[in-house]
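Protein chains in written order, with the numbering used here: chain A, 180 to 546; chain B, 659 to 875.
We put the beta carbon where it would ideally sit given N, CA and C, even for glycine.
Just so it is clear, the structure is predicted and the values come from calculations on it, not from any experiment.
Take a look at the structure below.
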Amino acid sequence: MQLSYIKLLYRDVTFVIDLSHIEKIYESPAGPVHALKDISLHISKGEIFGIIGLSGAGKSTLVRCINLLERPTKGKVTVNGKDMTSMSEGELREARKGIGMIFQHFNLLASATVFDNVAFPLELSDTPKDKIKERVTELLELVGLADKADQYPSQLSGGQKQRVGIARALASDPGILLCDEATSALDPQTTKSILELIKDINKKLKLTVVVITHEMLVIKEICDKVAVIDKGVIAEQGDVLDVFINPQQPITKEFISVLLSNDLPVDFRNIDIEPEPFEDSILLMRLTFIGETANDPIISSLVKKYNVSADLFFGSLDDIKGAPFGRLIIGMEGSKADIEAAKEYLNEQKVKVEVIGYVSRHASAHH
Amino acid sequence: MSADMLPLITKALGETVYMVFVSMLISSLLGIPLGVLLHTTSKGQILECLPLNKTIGAVVNAIRSIPFIILMVAIIPLTRLIVGSAIGTTAAMVPLVLASVPFIGRQVETSLREIPYGIVEAAQSMGASPLQIIRKVFLPEAMPNIVAQLTTVIISLIGESAMAGAIGGGGLGDLAIRYGYQRFRPDIMIATVIVLIIMVQIVQFAGNQLAKHLDKR
């Protein structure tokens with residue numbers, strides 16, 4: 180008990196990756212370009228941290244600031260407690276061996292076999308041949324490519340190439356894995372399987388993973404935390420569930436809406452929605468449930484407990500990193516006081532309530 | 659076909675092969691590193707150094723703009739300094755090497771430029787040093803292209819070696835000029851041309867095969 184408390188405390192104060200006040204300015208013919216502006220991120224051990232942004236938002240530059248493939252113009256990068264920005268070239272190369280990286284276009288050596296690609300980082304550090312063979316075999320088994328050792332990358336599918344990329348990134352036994360748009364060149368099916376693999380190795384090897392993406396799906400599937408980057412600035416960051424339920428910034432809402440549409444059901448799209456009740460109107464509300472509450476019969480107990488009626492117009496059940504995530508649109512009828520009491524009750528049940536407005540009951544009953 | 663022709667051609671062929679082979683060897687040993695330097699010191703590359711890059715580039719361009727026949731006579735003092743004589747098969751190799759090194763340099767540079775920067779970046783992310791990137795990424799990845807381009811260099815060396823022959827370098831060019839042209843021996847002229855055609859065909863075929871074998875893309 181005591182020990183786990185200390186561990187928890189320790190985890191909270193020491194970050195595996197700590198970016199503080201990072202700035203990146205490029206010189207271009209058209210003048211200086213401010214690619215990253217005062218970015219601070221703290222990533223804990225074993226976490227899968229997502230960074231999402233549109234293309235050109237600066238996310239690829241940001242991830243390269245972690246292993247210093249891009250040197251920040253200002254700010255401090257601390258990885259595993261060591262200040263990367265003050266290292267010599269040689270020290271930096273050593274430090275990079277503790278940070279694996281995979282890429283959108285895999286970046287495998289076309290002239291080398293799968294085996295030799297995975298062996299590459301080991302050869303860089305002059306690992307003995309028999310040791311290399313043992314480690315590469317083990318890694319290829321981990322990523323499910325044991326039978327492809329002698330093939331060349333051109334003979335593999337995109338998903339298989341990325342598996343080779345992952346095996347190669349893990350060869351030097353790093354504590355951190357950086358994924359730069361690792362699934363963006365893959366079809367949805369393959370994306371799923373690669374994300375599964377990343378989740379898997381995160382658990383098995385207690386790896387800290389940083390995921391760069393422009394797809395909310397990737398964040399939803401595997402990330403614990405997310406930072407939304409827009410025009411070189413962190414617009415918003417937090418636990419994935421919190422951000423999904425309560426997005427603060429328009430850019431975040433936009434990313435989420437791709438996955439979870441905020442559009443009203445077809446029936447309500449072309450009718451008037453009023454902010455105040457009128458004759459024969461019902462109150463449209465959007466309810467969002469997470470975790471356990473998504474499975475509870477909240478609506479039926481609501482109707483039993485309070486003097487309101489609730490019609491269900493739309494419902495969906497999703498999951499975010501395994502946690503159930505339900506969304507409903509209901510139409511509620513009752514006195515103002517009863518409706519307020521019902522909303523209060525929903526809030527107590529940790530259901531997020533968004534009031535859409537009043538619509539005519541007839542309009543909705545039409546369908 | 660007269661009886662004297664075969665030994666004449668065999669001897670000249672031997673000289674040409676010797677000239678081309680040794681010049682090619684020396685040129686490659688100098689030209690490949692030159693190409694690597696040209697590419698790696700260019701903008702955004704692993705050893706970026708623009709003043710050096712620009713200087714080497716200018717020298718390479720200067721040498722490459724001199725027609726071989728002029729280069730050959732212009733550097734006679736240098737040739738004398740290096741081999742002690744300006745005449746003979748060995749002496750002919752000095753201008754051959756001097757002309758081929760910048761040629762190979764540019765060819766290799768082009769091959770290296772075709773390697774996607776992402777692969778270099780991946781190697782850097784794994785902690786590779788610039789030297790390791792050159793040895794383990796640039797050269798193996800560009801090898802099929804380099805082989806194809808060295809084939810072209812060999813073929814142009816065969817042509818240039820014939821010119822060098824004209825100023826006393828020996829070899830097939832020398833034979834064609836001295837016997838075929840000056841002594842009115844069309845049979846020797848034709849035979850020399852046929853040997854040259856066969857030589858070029860063989861080199862091109864072998865080069866293509868090797869490049870194809872190496873290419874895993």
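- In chain order, Met663, Leu666, Ile667, Leu833, Ala834, Tyr837, Gly838 place their CB closer than 8 angstroms to the CB of Ile846/B, counting only its own chain and leaving out the 5 sequence neighbours on each side.
- In the three-state scheme derived from DSSP, where H, G and I count as helix and E and B as strand, His284/A is classed as coil.
- A residue is called buried once 16 or more other Cβ atoms fall within 10 Å of its Cβ, and Phe294/A is buried on that count.
- Contact residues of the region 236-251 of chain A toward chain B are Asn246, Leu248 (C-beta to C-beta distance below 7 angstroms).
- Listed in chain order, the positions of the region 751-779 of chain B with a beta carbon within less than 8 angstroms of a beta carbon of chain A are Pro774, Gly776, Ile777, Glu779.
- Per DSSP, the continuous beta strand (DSSP E) segment holding Cys358/A begins and ends at 355-359.
- Within chain B, the C-beta atoms nearer than 7 angstroms to that of Phe282/A come from Gly776, Ala780, in chain order.
- The beta-carbon of Ala521/A is placed no less than 9 angstroms from the nearest beta-carbon of chain B.
- Look at the region 820-871 of chain B and you find these whole runs of alpha helix (DSSP H), each 4 residues long or longer: 829-833.
- With the rule of 3 Cβ pairs closer than 8 angstroms, the region 404-413 of chain A does not count as touching the region 437-453 of chain A.
- Beta-bridge analysis with DSSP links Phe468/A to Gly505/A.
- Listed in chain order, the positions of the region 287-309 of chain A with a beta carbon within less than 9 angstroms of a beta carbon of chain B are Leu287, Leu288, Ala289, Ser290, Ala291, Thr292, Phe299, Pro300, Glu302, Leu303, Ser304.
- Contact check between the region 792-808 of chain B and the region 277-287 of chain A: fewer than three CB pairs, one atom from each, fall below 8 angstroms, which does not count as touching.
- For Thr257/A, the CB contacts under 6 angstroms within the same chain, skipping 5 residues up- and downstream, are Asp197 in chain order.
- DSSP places Pro211/A in the uninterrupted beta strand (DSSP E) bounded by 210-222.
- Counting other Cβ atoms within 10 Å of its Cβ, Leu739/B stays below 16 and is therefore classed as exposed.
- Within chain A, the residues whose beta carbon sits less than 9 angstroms from that of Glu799/B are Leu288, Ala289, Ser290, Ala291, listed in sequence order.
- By a beta-carbon distance limit of 8 angstroms, Val718/B contacts Pro760/B. Their separation comes to about 4 angstroms.
- In this structure, Lys399/A lies away from Ile227/A, with their beta-carbon atoms at least 9 angstroms apart.
- Contact between the region 739-755 of chain B and the region 243-259 of chain A is absent: fewer than three C-beta pairs spanning the two stretches fall below 8 angstroms.
- No Cβ-Cβ contact shorter than 9 angstroms links Val482/A with Leu357/A.
- Taking a 10 Å sphere around the C-beta of Phe299/A, we find 16 or more other C-beta atoms and assign the residue as buried.
- In the displayed model, Thr257/A falls within a strand according to three-state DSSP.
- Around the CB of Gln368/A, fewer than 16 other CB atoms lie within 10 Å, so the residue is classed as exposed.
- If you compare the alpha carbons of Pro211/A, Leu466/A, Leu319/A, Thr431/A with that of Ile230/A, the shortest gap goes to Thr431/A.
- For Lys385/A, the secondary structure class from DSSP, reduced to helix, strand or coil, is coil.
- In the displayed model, Ala364/A falls within coil according to three-state DSSP, outside both helix and strand.
- In this structure, the beta-carbon distance from Ser814/B to Gly827/B does not fall below 9 angstroms.
- Under the rule that a run must span 4 or more residues, the alpha helix (DSSP H) segments found entirely inside the region 288-362 of chain A read 293-303, 308-321, 337-349.
- Counting other Cβ atoms within 10 Å of its Cβ, Ala209/A stays below 16 and is therefore classed as exposed.
- Rounded to the nearest angstrom, the gap between the Cα atoms of Ser440/A and Phe423/A is 12 angstroms.
- Setting aside the 5 residues that flank it on each side, Thr316/A is surrounded in the same chain by Ala325, Ala328, each with a C-beta closer than 8 angstroms to its C-beta; the list follows chain order.
- Not a single C-beta of chain B is nearer than 9 angstroms to the C-beta of Ser539/A.
- Around the beta carbon of Gly693/B, 16 or more other beta carbons sit within 10 angstroms, so the residue counts as buried.
- Neighbours of Val795/B in chain A, taken as residues whose beta carbon is under 8 angstroms from its own, are Leu288 in chain order.
- In this structure Val851/B is exposed. Its beta-carbon is surrounded by fewer than 16 other beta-carbon atoms within 10 angstroms.
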